[in-house]
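> Using my numbering, the letters of the sequence shown map in sequence onto residues 118 to 401.
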Amino acid sequence: MKHLRRIISLAATVCLPLLLAAQGHPVTRDFLMGRTHYEEDTCFVPISRGYTRLALEYSYIQKETYAAYLKMRQAAQDDGITLNVTSASRNFWVQKYIWEQRWQRNSSLPGPERIVRSLQYISMPGTSRHHWGTDMDFCSKELAFWQSEKGRRTYSWLKENAGRFGFFQPYTSKAGGRTGYEEEKWHWSYAPLADIYTEAYRTMISPDDISGFAGAHEAADINIIGLYVCGIQNEDYIPPVPEVSDKGLFKALPLFQENKEDSKHQTSKGGDVVPLNRLVLEDK
Ligand SMILES: [Zn+2]
118 MKHLRRIISL AATVCLPLLL AAQGHPVTRD FLMGRTHYEE DTCFVPISRG
168 YTRLALEYSY IQKETYAAYL KMRQAAQDDG ITLNVTSASR NFWVQKYIWE
218 QRWQRNSSLP GPERIVRSLQ YISMPGTSRH HWGTDMDFCS KELAFWQSEK
268 GRRTYSWLKE NAGRFGFFQP YTSKAGGRTG YEEEKWHWSY APLADIYTEA
318 YRTMISPDDI SGFAGAHEAA DINIIGLYVC GIQNEDYIPP VPEVSDKGLF
368 KALPLFQENK EDSKHQTSKG GDVVPLNRLV LEDK
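This is the structure in structure tokens:
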């Protein structure tokens, strides 16, 4: 009997994190690179219009991220902080439109400067964390807001509390040596899923996969994966379930599906469709 209890306890310890993690969208190359139609994907849900300030009909996020966001939003509200969402999931084609506008605007700059300046606050399509349904921007993308009294209180609340709900700020100050994009106090990421996708991206995607838009030929030279996709900070994040951060566990999960074709969640249609009516402002 004692052995049986020990076996059940061990099984629960091992399986619970796996079951929790398996709620996320399966990992495929297409998914990691944003070739997803969120409105048709059963892993995604629309964010309540009352919580967004987007000029969109709906903005989508993964179900698990949304559940965590709702808890965090309520806790923030209880402390007098309102966490409205200004941007959530953006697919490859939306990001392509945003990126190419910026790329064109910087066309007078010499080669290296053009790419570095374009990448200050905007990701190349196929490389954005906003592709995954795990990342959201809160309140405002204006630096002035985050320097205001209200902005400082909001940021200080997020730094203090977001980790309790699974969120961390990937683009922190670069003073400590972090590479890639500039600091973004508005951009927060749901680590239990995003950590899996970051690791998967690092191992499954190569610079050759990053193509299909203006300026894509610069991706390898600038080390877009090493310095930008992986140029994040997440040491502040304390996972609610420690085993979740053990990448070794996830290698065997159905969450990892290398086959592009047969995932039931896979909704990529291909083609360079630009859904202009779903366009949001810039940012990665
Ligand atoms: Zn963002």
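Ideal Cβ placement from N, Cα and C applies to all residues, glycine included.
Which same chain residues end up closer than 6 Å to Gln140 when comparing Cβ atoms and leaving out the 5 residues on each side of it in sequence?
Numbered from its first residue, the sequence shown carries residue 140 at position 23. The residues are Glu181.
> Compare the C-alpha of Gly283 against each of Leu310, Ala292, Arg269, Gly293 and name the closest.
Here residue 283 refers to the residue found at position 166 when the sequence shown is read from its first residue. With distances taken between Cα atoms, Gly283 lies closest to Leu310.
> For a test of the three-state rule: what should DSSP assign to Thr75, helix, strand or coil?
The requested residue 75 does not occur in the structure, where the chain is confined to residues 118 to 401.
> Tell me the DSSP secondary structure of Trp303 in three-state form.
Residue mapping note: residue 303 aligns to position 186 of the sequence shown, counting from 1. Coil.
> Can you determine whether any heavy atom of ligand 1 sits closer than 7 Å to the C-beta of Ser204, and answer yes or no?
For the purposes of this step, residue 204 is taken as the residue at position 87 of the sequence shown. Yes.
> Among the candidates Glu299, Pro227, Thr251, Arg231, whose CA atom is the shortest distance from the CA of Glu217?
By one-based count along the sequence shown, residue 217 stands at place 100. It is Arg231 whose Cα lies nearest to the Cα of Glu217.
> What is the rounded straight-line gap between the Cα of Gln350 and the Cα of Asp147?
Here residue 350 refers to the residue found at position 233 when the sequence shown is read from its first residue. Here residue 147 refers to the residue found at position 30 when the sequence shown is read from its first residue. Rounded to whole angstroms, Gln350 to Asp147 spans 25 Å at the Cα level.
> Where does the unbroken alpha helix (DSSP H) through Ser204 begin, and where does it stop?
The residue labelled residue 204 in the question sits at position 87 within the sequence shown. No alpha helix (DSSP H) holds Ser204; the beta strand (DSSP E) holding it covers 202 to 204.
> Quick check on Pro324: does DSSP put it in helix, strand or coil?
Along the sequence shown, one-based indexing puts residue 324 at 207. Residue state, collapsed to three classes: helix.
> Taking 7 Å as the cut-off, is the beta-carbon of Glu301 closer than that to any non-hydrogen atom of ligand 1?
Residue mapping note: residue 301 aligns to position 184 of the sequence shown, counting from 1. With a cutoff of 7 Å, Glu301 counts as near ligand 1, since its C-beta is closer than that to a heavy atom of the ligand.
> Distance check for Met241 and Lys213, CA to CA, integer angstroms please.
Here residue 213 refers to the residue found at position 96 of the sequence shown. Here residue 241 refers to the residue found at position 124 of the sequence shown. Taking the straight line joining both Cα atoms gives about 7 Å.
> Does the Cβ of Asp325 have 16 or more other Cβ atoms within 10 Å, making it buried, or fewer, making it exposed?
In the sequence shown, the residue the question calls residue 325 occupies position 208. Result: exposed.
> Under three-state DSSP, which class holds Met253?
Position 136 of the sequence shown holds residue 253. Strand at Met253.
> Quick check on the DSSP output: what are the complete alpha helix (DSSP H) runs of length 4 or more inside the stretch 182 to 224, in order along the chain?
209 to 222
> Less than 7 Å between C-beta atoms, sequence neighbours within five positions excluded: which residues of the same chain meet that for Lys188?
Position 71 of the sequence shown, counted from the start, is the residue given in the question as residue 188. For Lys188, where only same-chain residues beyond five positions count, the Cβ hits under 7 Å are Phe282.
> Check whether the Cβ of His304 lies closer than 7 Å to any heavy atom of ligand 1, and answer yes or no.
The sequence position of residue 304 within the sequence shown is 187, counting from 1. Within the cutoff, so yes.
> With a threshold of 7 Å on Cβ separation, who are the neighbours of Pro359 within its own chain once the five nearest residues in sequence on each side are excluded?
One-based indexing of the sequence shown puts residue 359 at position 242. Residue placement at Pro359 is flagged as unreliable, the pLDDT there being 37, under the threshold of 50; the coordinate-derived value follows with that caveat. So the list is empty, once near-sequence residues are dropped.
> If you follow the alpha helix (DSSP H) that Tyr177 is in, where does it begin and where does it stop?
Mapped onto the sequence shown, residue 177 falls at position 60. No alpha helix (DSSP H) holds Tyr177; the beta strand (DSSP E) holding it covers 177 to 179.
> At the level of alpha carbons, what is the spacing between Leu372 and Ser225?
Start at 1 with the first residue of the sequence shown, and residue 372 comes out as number 255. Start at 1 with the first residue of the sequence shown, and residue 225 comes out as number 108. Low local confidence applies: a pLDDT of 42 at Leu372 is under 50, so the model's placement there is unreliable, with the coordinate-based value given in what follows. Roughly 44 Å separates the two Cα atoms.
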